[in-house]
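Residue numbers (the UniProt record's numbering): 1 to 116.
Set out below in structure tokens:
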């Protein structure tokens, strides 16, 4: 038995959509952190993480089918979905780093303002 190209493509579309939602949340998180809204930024990172989990869930369905012996053809949209997911995961790692750095900078600036 085989998974159809349409099913694989639909999974790819779902991965792209979830990854796109995550990327949007991460970019908003960075903007919030830049202006000192650290708690809001961290909440957006958690929302992004939930979208990434959903993308992984979609991916896991196909992996389970393939591991079970089903034949699969790779589609361009699936490749695009995988690429989008991986770059978004890397963006999330970077966002977490930059949010920590913005928080550190804010604390330093608060201390400097108190001394003036």
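We put the beta carbon where it would ideally sit given N, CA and C, even for glycine.
Tell me whether residue 78 is buried or exposed, calling it buried when 16 or more other Cβ atoms sit within 10 Å of its Cβ. Along the chain shown, read from residue 1 onward, the residue named residue 78 stands at position 78. Buried, because 16 or more other Cβ atoms sit within 10 Å of the Cβ of residue 78.
Judging by CA-CA distance, which residue of 5, 55 and 24 is the nearest neighbour of residue 91?
Within the chain shown, residue 91 is the residue found at index 91, counting from 1. The candidate whose alpha carbon is nearest that of residue 91 is 24.
Q) Would you call the CB atoms of residue 15 and residue 58 closer than 7 Å? A) The residue labelled residue 15 in the question sits at position 15 within the chain shown. The residue labelled residue 58 in the question sits at position 58 within the chain shown. Their beta carbons are under 7 Å apart, which means residue 15 touches residue 58 by this criterion.
Exercise. For residue 52, I'd like the list of residues in its chain whose CB is within less than 8 Å of its CB, leaving aside the five on either flank, ordered along the chain.
Key: Residue numbering aside, residue 52 sits at position 52 when the chain shown is read from its first letter. Within the same chain, and ignoring the five residues on either side of residue 52 in sequence, the residues whose Cβ sits closer than 8 Å to its Cβ are 18, 19, 22, 85, 88, 89 and 92.
Please go through the same chain and pick out, in chain order, the residues whose beta-carbon is closer than 8 Å to the beta-carbon of residue 36, but skip the five residues on each side of it.
Position 36 of the chain shown holds residue 36. Once the five neighbours on either side are set aside, the close Cβ partners of residue 36 are 102 and 106.
- At a cut-off of 6 Å, is residue 103 close to the ligand MG when judged by its beta-carbon and the heavy atoms of the ligand? The ligand MG is not part of this structure, which contains no ligands at all.
Mapping DSSP to helix, strand and coil, what is residue 119? Residue 119 is absent from the structure shown; the chain starts at 1 and stops at 116.
Worksheet item: Thinking just about the alpha-carbon of each residue, which of 3, 13 and 2 is nearest to the one in residue 82?
Response: As a working note, residue 82 is residue 82 in the chain shown. It is 13.
Taking buried to mean at least 16 other C-beta atoms within 10 Å of its own C-beta, is residue 8 buried or exposed? Reading the chain shown from its first residue, position 8 is the one you call residue 8. Residue 8 comes out buried.
Could you work out which residue in 39, 62, 94 and 111 is closest to residue 5 when comparing CA atoms only? Indexing the chain shown from 1 puts residue 5 at position 5. Nearest to residue 5 by C-alpha distance, out of 39, 62, 94 and 111, is 62.
Do residue 41 and residue 29 have their C-beta atoms within less than 7 Å of each other? Here residue 41 refers to the residue found at position 41 when the chain shown is read from its first residue. Here residue 29 refers to the residue found at position 29 when the chain shown is read from its first residue. Yes; because the gap between Cβ atoms is below 7 Å, this pair is in contact.
Review point. Apart from the five residues just before and just after residue 32, which ones in its own chain have a Cβ nearer than 7 Å to its Cβ?
Key: The residue you call residue 32 lines up with position 32 of the chain shown. Taken in chain order, the residues that qualify are 40, 41 and 44.
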